[in-house]
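A.B. asks: I am attaching a structure below and will ask some questions about it afterwards.
Number of protein chains: 2
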Amino acid sequence: MEQQVITELKQLLGRQYVMDRLEDRICYSFDATFRDFPPDVVVKPGSVEEVAAIVKLAGQYNIPVTARGAATGLSGGSVPVRGGISLVLTRLNRIIEIDAANRVAVVEAGVITEDFVNAVNKAGLFYPPDPASAKTSTIGGNIAECAGGPRGVKYGITRDYVLGLEVVLPDGSIIEAGNRFDSEMAGPDWGMLFVGSEGTLGIVTKAYLRLVDKPQAKQTLLAIFNSLDDAARTVSGMIAAGTIPTTLEIMDNQTICAVEDYLQAGLPVKAEAILLIEVDGNAVSISTQAEHVMKACRQWGATEIQVASTPADSDKLWRARKAISPACGKINPTKISEDATVPRSQIPAMVRRLREIAQKYDLKMVIFGHAGDGNLHPNILSNKHNHQEMERVEQAVEELFKAALDLGGTLSGEHGIGYMKAPFLKWETGETGFAAGQKLKAAVDPQGVLNPGKLFTA
Amino acid sequence: MEQQVITELKQLLGRQYVMDRLEDRICYSFDATFRDFPPDVVVKPGSVEEVAAIVKLAGQYNIPVTARGAATGLSGGSVPVRGGISLVLTRLNRIIEIDAANRVAVVEAGVITEDFVNAVNKAGLFYPPDPASAKTSTIGGNIAECAGGPRGVKYGITRDYVLGLEVVLPDGSIIEAGNRFDSEMAGPDWGMLFVGSEGTLGIVTKAYLRLVDKPQAKQTLLAIFNSLDDAARTVSGMIAAGTIPTTLEIMDNQTICAVEDYLQAGLPVKAEAILLIEVDGNAVSISTQAEHVMKACRQWGATEIQVASTPADSDKLWRARKAISPACGKINPTKISEDATVPRSQIPAMVRRLREIAQKYDLKMVIFGHAGDGNLHPNILSNKHNHQEMERVEQAVEELFKAALDLGGTLSGEHGIGYMKAPFLKWETGETGFAAGQKLKAAVDPQGVLNPGKLFTA
Numbered sequence: 001m002e003q004q005v006i007t008e009l010k011q012l013l014g015r016q017y018v019m020d021r022l023e024d025r026i027c028y029s030f031d032a033t034f035r036d037f038p039p040d041v042v043v044k045p046g047s048v049e050e051v052a053a054i055v056k057l058a059g060q061y062n063i064p065v066t067a068r069g070a071a072t073g074l075s076g077g078s079v080p081v082r083g084g085i086s087l088v089l090t091r092l093n094r095i096i097e098i099d100a101a102n103r104v105a106v107v108e109a110g111v112i113t114e115d116f117v118n119a120v121n122k123a124g125l126f127y128p129p130d131p132a133s134a135k136t137s138t139i140g141g142n143i144a145e146c147a148g149g150p151r152g153v154k155y156g157i158t159r160d161y162v163l164g165l166e167v168v169l170p171d172g173s174i175i176e177a178g179n180r181f182d183s184e185m186a187g188p189d190w191g192m193l194f195v196g197s198e199g200t201l202g203i204v205t206k207a208y209l210r211l212v213d214k215p216q217a218k219q220t221l222l223a224i225f226n227s228l229d230d231a232a233r234t235v236s237g238m239i240a241a242g243t244i245p246t247t248l249e250i251m252d253n254q255t256i257c258a259v260e261d262y263l264q265a266g267l268p269v270k271a272e273a274i275l276l277i278e279v280d281g282n283a284v285s286i287s288t289q290a291e292h293v294m295k296a297c298r299q300w301g302a303t304e305i306q307v308a309s310t311p312a313d314s315d316k317l318w319r320a321r322k323a324i325s326p327a328c329g330k331i332n333p334t335k336i337s338e339d340a341t342v343p344r345s346q347i348p349a350m351v352r353r354l355r356e357i358a359q360k361y362d363l364k365m366v367i368f369g370h371a372g373d374g375n376l377h378p379n380i381l382s383n384k385h386n387h388q389e390m391e392r393v394e395q396a397v398e399e400l401f402k403a404a405l406d407l408g409g410t411l412s413g414e415h416g417i418g419y420m421k422a423p424f425l426k427w428e429t430g431e432t433g434f435a436a437g438q439k440l441k442a443a444v445d446p447q448g449v450l451n452p453g454k455l456f457t458a
Numbered sequence: 001m002e003q004q005v006i007t008e009l010k011q012l013l014g015r016q017y018v019m020d021r022l023e024d025r026i027c028y029s030f031d032a033t034f035r036d037f038p039p040d041v042v043v044k045p046g047s048v049e050e051v052a053a054i055v056k057l058a059g060q061y062n063i064p065v066t067a068r069g070a071a072t073g074l075s076g077g078s079v080p081v082r083g084g085i086s087l088v089l090t091r092l093n094r095i096i097e098i099d100a101a102n103r104v105a106v107v108e109a110g111v112i113t114e115d116f117v118n119a120v121n122k123a124g125l126f127y128p129p130d131p132a133s134a135k136t137s138t139i140g141g142n143i144a145e146c147a148g149g150p151r152g153v154k155y156g157i158t159r160d161y162v163l164g165l166e167v168v169l170p171d172g173s174i175i176e177a178g179n180r181f182d183s184e185m186a187g188p189d190w191g192m193l194f195v196g197s198e199g200t201l202g203i204v205t206k207a208y209l210r211l212v213d214k215p216q217a218k219q220t221l222l223a224i225f226n227s228l229d230d231a232a233r234t235v236s237g238m239i240a241a242g243t244i245p246t247t248l249e250i251m252d253n254q255t256i257c258a259v260e261d262y263l264q265a266g267l268p269v270k271a272e273a274i275l276l277i278e279v280d281g282n283a284v285s286i287s288t289q290a291e292h293v294m295k296a297c298r299q300w301g302a303t304e305i306q307v308a309s310t311p312a313d314s315d316k317l318w319r320a321r322k323a324i325s326p327a328c329g330k331i332n333p334t335k336i337s338e339d340a341t342v343p344r345s346q347i348p349a350m351v352r353r354l355r356e357i358a359q360k361y362d363l364k365m366v367i368f369g370h371a372g373d374g375n376l377h378p379n380i381l382s383n384k385h386n387h388q389e390m391e392r393v394e395q396a397v398e399e400l401f402k403a404a405l406d407l408g409g410t411l412s413g414e415h416g417i418g419y420m421k422a423p424f425l426k427w428e429t430g431e432t433g434f435a436a437g438q439k440l441k442a443a444v445d446p447q448g449v450l451n452p453g454k455l456f457t458a
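Protein chains in written order, with full-length UniProt numbering: chain A, 1 to 458; chain B, 1 to 458.
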């Protein structure tokens, strides 16, 4: 990169917010995936105007700009695969307003998800999206990848809470897209175009987010199954029968064993699957909901059901779910976590396909995830220094995504596409859809300044 | 239009689906607004391939194409203001699938909203959007204008139920945009771009729609107020306190009097406002919800509350709301119904502004609407043959939209923009937003074939 660019960036932002030493560039070269792509320079703007000025400058010099929050992504969306500028949004971290009367919050892109959730909570309301990365990920990152979380089955995912966005377009202009309030609807819903777009069409700097009622009560249950098919059928059966839990998490036998080995919490290591189920709602109906859940579990073959009667009991049931990641790390150092998602009714078929794939490629695979919305997380436990194994992993991953699409599913339930799944995107969109996406990208960003190498420019 | 085009259209579709006689063109020249714009030819394709072929042909000859469903629109979105082809989608009227396990329905654009609602109901599920036009409007039209209805406050509007769309793009290519299932999220949410876009960016031919649980029980209440401000404060106060009714309809004194004059149902003609409130949910909690509503109404000054104890009682309470349109028609022949929407907390201020505007321009105005989401329907009752009055109406409408935007609101809660509000769109988007919209439109539809004269090409 020309030194002139660095000089101009420093003039724009101040020296301390422009970093181009090798050690800085390395720090900003990766996310939670496995490959490193160092940017040429890292910038930390402090306002939307500064973001706009950086994008304009990048356009003049024809340098890629890749926006980034906390870089907790699992598909590589924020990684600057073509170098250039890594634009870090963490200084835009104000919670501008929580408007309880109109149930909308206005936040900057760099706000940490959990900080926002806590602030909403304090205001007596509820922001449901709850990605596993919430403690460190940013709202802007959640929007760019359309993050989800365990509550998706009842409450939906990030896109269901985005009312409107402030966006810096590739030409450096600043627009407000979408709406500020729930019931607004004037013209096409521009705002949604940027949800899940990984900063390829614009850089989200501020969001108007929908808030909902805080549930008065919740109840946690754990159901044990001798057959994974039974557990999977319980998931779709329960929902088809009209009971929508807040969370409906599945863990297969290998996940259970891994966690038990790690926690020694007395998990049922002979069970083929467990479902961790939470219902929430108003205090009057919560026990009825829990009864419906138990009835469904029994109907589709649960051998045992544990019901938490206190918050401490509930935390205990959740401990196993939350220990999955560290437990897997203990087995093998490299955990390849996918989020191929299938229609709920196809969960049993998908689980069978995943098992066959693991066997075919001789890989350790644990299966868990947000079964309620068909968002399974097959995790391949491997070692990235074992090159032969990693080749088999790559083939397995490809086959796994093919299986999800075969079953009417999708490449991404909540992790996005990034550089990891970019080679497969065309399978999902089809040639025409991909060409249309390319056309859209070319129209909005004719120079290809924003996050090149992702989505429709991969 | 060249005869050659008509000939080619007839070859494509068959003679009976291409109509260019004056009497046909007049029949397709208007919607529920007031001006007539006859197309040069009316076509009724029977498949998405035929839609695509028509759009391609239009591109070759550079002729405008304006898509149309049942043309019940209240802003003029489906009216061909620049002539050309009126593309009627009513033959695409198949309900392709209602998938209860995955809670998604697949329907063609020309399906009548009510037919769809009834089919979903039969399958034991619920599709909440319920525009007043549901008996005749089509799903495609609902999507093109992002229709709403009285249940918006709890259940949201059409965009909240669109998962994915099949769309014919301006170059005649057919894409599937968005998702088929709730939890899918691969790349930018293309689908949403077409919601509310009035057929300016693509023609929606098929939709994947989200379905939800049918509520087990409902309860209807009517609260009477001596002050419109009290009623308005009740609306925002109730919701801020955490009670979200299914519907929260307001009627001001002039609406009450108009309806009473028409129905003679014993409405409280001295009341300044009534709120018609419905709660729904599970059978266990419904009475608690109703109690919260009553408490809120009393707290903010209701002088009387009527509670329906049977479905017949409930229908009686709803009769007044449903009679508003015919009752207004009895007073004056021309009813100009607007849907300027403000944040819920601004309802009292908006009602005051509306009263001032009516007085300033010496116009009869009734105020009612979906107060729960701030979506007021000020209706000006006038006579389109009184030109002097109509001039005052035009000024009042302009001022009314300015007031809504001043208060942080929007031009459209559910009626869309059409030709009626197109002159005001820039007030809402700002110059930069409008320019961005123009750029998007030019990129997707460089020839400007689709519905010219609307939204960003007005």
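Beta carbons: idealized from backbone N, C-alpha and C, even for Gly. Small disclaimer: the values here were computed from a predicted structure and weren't measured.
Helix, strand or coil: which one does DSSP assign to K364 of chain A?
C.D. replies: strand
A.B. asks: Out of B:A70, B:L9, B:V5, B:G46, which one is the CA nearest neighbour of C27 of chain B?
C.D. replies: B:A70
A.B. asks: I'd like to check one pair, G191 of chain A with A177 of chain A: are the Cβ atoms closer than 8 Å?
C.D. replies: yes
A.B. asks: Do the CB positions of L411 of chain A and P378 of chain A come within less than 8 Å of each other?
C.D. replies: At least 8 Å separates the beta-carbon of L411 of chain A from that of P378 of chain A.
A.B. asks: What span of residues does the alpha helix (DSSP H) with L12 of chain B cover, start to end?
C.D. replies: 3-13
A.B. asks: Reducing DSSP to helix, strand and coil, say where R210 of chain B ends up.
C.D. replies: strand
A.B. asks: For the putative contact between A443 of chain A and L440 of chain B, defined by C-beta atoms under 8 Å, what is the C-beta separation to the nearest angstrom?
C.D. replies: 7 Å
A.B. asks: Below 7 Å on C-beta distance, what does residue 459 of chain A contact in chain B?
C.D. replies: A query on residue 459 of chain A cannot be resolved here, the shown segment of chain A reaching from 1 to 458 and no further.
A.B. asks: Check the Cβ of A369 of chain B against every Cβ in chain A and list those closer than 9 Å, keeping chain order.
C.D. replies: A quick correction: the sequence has Gly, not Ala, at residue 369 of chain B. Residues of chain A passing the Cβ test: none, with the nearest at roughly 11 Å.
A.B. asks: Is any beta-carbon of chain A found at less than 8 Å from that of T288 of chain B?
C.D. replies: yes
A.B. asks: Which runs of the alpha helix (DSSP H) spanning at least 4 residues fall entirely within the stretch 263-310 of chain B, listed in chain order?
C.D. replies: 286-299
A.B. asks: Secondary structure at F424 of chain A, three-state DSSP: helix, strand or coil?
C.D. replies: helix
A.B. asks: According to DSSP, is A105 of chain B part of a helix, a strand, or is it coil?
C.D. replies: strand
A.B. asks: Which residues, in chain order, does the stretch 115-144 of chain A contribute to contact with chain B at a C-beta distance below 8 Å?
C.D. replies: G124
A.B. asks: What did DSSP end up calling P326 of chain A once you bin it into helix, strand or coil?
C.D. replies: helix
A.B. asks: Hey, how far is the Cα of A52 of chain A from the Cα of D229 of chain A?
C.D. replies: 52 Å
A.B. asks: Is G46 of chain A closer than 8 Å to G372 of chain A when the C-beta atoms are compared?
C.D. replies: no
A.B. asks: Using 8 Å as the Cβ pair cut-off and three pairs as the minimum, do the stretch 307-324 of chain B and the stretch 75-83 of chain A touch?
C.D. replies: no
A.B. asks: Please list, in chain order, the residues of the stretch 387-406 of chain B that have any C-beta partner in chain C closer than 9 Å.
C.D. replies: Of the protein chains in this structure, namely A and B, none is chain C.
A.B. asks: With H, G and I counted as helix, E and B as strand and the rest as coil, what does DSSP make of Q163 of chain A?
C.D. replies: Looking at the sequence provided, one finds Leu at residue 163 of chain A rather than Gln. Reduced to three states, the DSSP call for L163 of chain A is strand.
A.B. asks: Could you tell me which residues DSSP puts in a beta bridge with A369 of chain A?
C.D. replies: The sequence shown places Gly at residue 369 of chain A, not Ala. Answer by DSSP bridge pairing, in chain order: A:I250, A:L376.
A.B. asks: Helix, strand or coil for G448 of chain B, going by three-state DSSP, please let me know.
C.D. replies: coil
A.B. asks: Using the beta-carbon of each residue, which ones in chain B are nearer than 7 Å to V55 of chain A?
C.D. replies: Simply none; closest approach about 14 Å.
A.B. asks: Which residue's Cα is closest to the Cα of S133 of chain A: A:G266, A:A119, A:G149, A:I244?
C.D. replies: A:G149
A.B. asks: By how many angstroms is the C-alpha of S287 of chain B removed from the C-alpha of A144 of chain A?
C.D. replies: 42 Å
A.B. asks: At least one CB of chain B closer than 8 Å to the CB of R180 of chain A: is that the case?
C.D. replies: yes
A.B. asks: Helix or strand or just coil, what does DSSP make of Q359 of chain A?
C.D. replies: helix
A.B. asks: Please work out which residues of its chain come closer than 6 Å, Cβ to Cβ, to N282 of chain B, disregarding the five sequence neighbours upstream and downstream, and give them in chain order.
C.D. replies: Q216
A.B. asks: Spatial neighbours of L209 of chain A within its chain, please: CB distance less than 6 Å, with the 5 preceding and 5 following residues excluded, ordered by chain position.
C.D. replies: A105, Y161
A.B. asks: Give every residue of the same chain whose Cβ lies closer than 6 Å to the Cβ of L196 of chain B, excluding the five residues on either side of it in the sequence, and list them in chain order.
C.D. replies: Residue identity check: residue 196 of chain B is Gly in the sequence provided, not Leu. Excluding residues within five positions, the ones whose Cβ falls inside 6 Å are C146.
A.B. asks: Using the beta-carbon of each residue, which ones in chain A are nearer than 8 Å to L67 of chain B?
C.D. replies: Going by the sequence as given, residue 67 of chain B is Ala instead of Leu. Result: empty, since nearest Cβ-Cβ is about 14 Å, beyond 8 Å.
A.B. asks: Checking contacts by CB at 8 Å: is I26 of chain A closer than that to chain B?
C.D. replies: no
A.B. asks: How long is the line joining the alpha carbons of T220 of chain A and P268 of chain A, rounded to whole angstroms?
C.D. replies: 17 Å
A.B. asks: Measuring straight from C-alpha to C-alpha, what distance separates K426 of chain A and W427 of chain B?
C.D. replies: A straight line joining the alpha-carbon of K426 of chain A with that of W427 of chain B spans about 39 Å.
A.B. asks: Between the beta-carbon of V48 of chain A and the beta-carbon of E198 of chain A, is there less than 8 Å?
C.D. replies: Not in contact: V48 of chain A and E198 of chain A (Cβ atoms no closer than 8 Å).
A.B. asks: Compare the Cα-Cα distances from E97 of chain A to each of A:R91, A:V107, A:T7, A:A404 and report the closest residue.
C.D. replies: Of A:R91, A:V107, A:T7, A:A404, the residue nearest in Cα terms is A:V107.
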